[in-house]
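Please read the structure below before turning to the comments.
Residue numbers (this note's numbering): 1307 to 1430.
This is how it looks when you write it as structure tokens:
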């Protein structure tokens, strides 16, 4: 016997989310396509899917973690965005500290506190 590749199984919550996303027209179209698939209708005789339904199903499949061939996508277990966030924060903080250091090194000395207020008001 030939072993068929195992079809992806979705949870009830995932299925409800998909059905909530579909309009009544698209639900009916999906029912027709699934019915033809279940009855083993040859590919040429199956009803075609609209581009909108195809797009929604592909997005749903990606969100559920399945690839185009129906196999689970590899989950490497590690997110890479924290690394990029760390690099960005490092660069921002380095630029900020460099700016503050340059401002401190090359700023003019404030001598306003050494002026005598009396001499500033006196008109000569």
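All C-beta atoms, glycine included, are put in the ideal place defined by N, C-alpha and C.
Whole-number beta carbon distance between residue j and residue i, since they are thought to touch under 8 Å
i, j, result
"residue 1324", "residue 1366", "5 Å"
"residue 1333", "residue 1342", "So it is not a contact: roughly 15 Å between Cβ atoms."
"residue 1362", "residue 1340", "The pair is not a contact, with the Cβ atoms about 14 Å apart (cut-off 8 Å)."
Straight-line gap, residue i to residue j (C-alpha atoms, nearest Å)
i, j, result
"residue 1391", "residue 1331", "43 Å"
"residue 1309", "residue 1354", "Interpretation of residue 1309 is limited by its pLDDT of 49, a score under 50 that renders its predicted location unreliable; no figure is taken from the coordinates."
"residue 1307", "residue 1348", "Residue confidence is low: residue 1307 scores 46 on pLDDT, short of 50, so the model does not pin down where it sits. Its coordinate-derived value is still stated next. Residue 1307 and residue 1348: Cα-Cα distance of roughly 20 Å."
"residue 1346", "residue 1357", "22 Å"
"residue 1401", "residue 1368", "39 Å"
"residue 1393", "residue 1412", "28 Å"
"residue 1360", "residue 1405", "52 Å"
Element boundaries [alpha helix (DSSP H), containing residue i]
i, result
"residue 1400", "1387-1412"
"residue 1321", "1318-1327"
Beta-carbon gap between residue i and residue j smaller than 7 Å
i, j, result
"residue 1370", "residue 1320", "yes"
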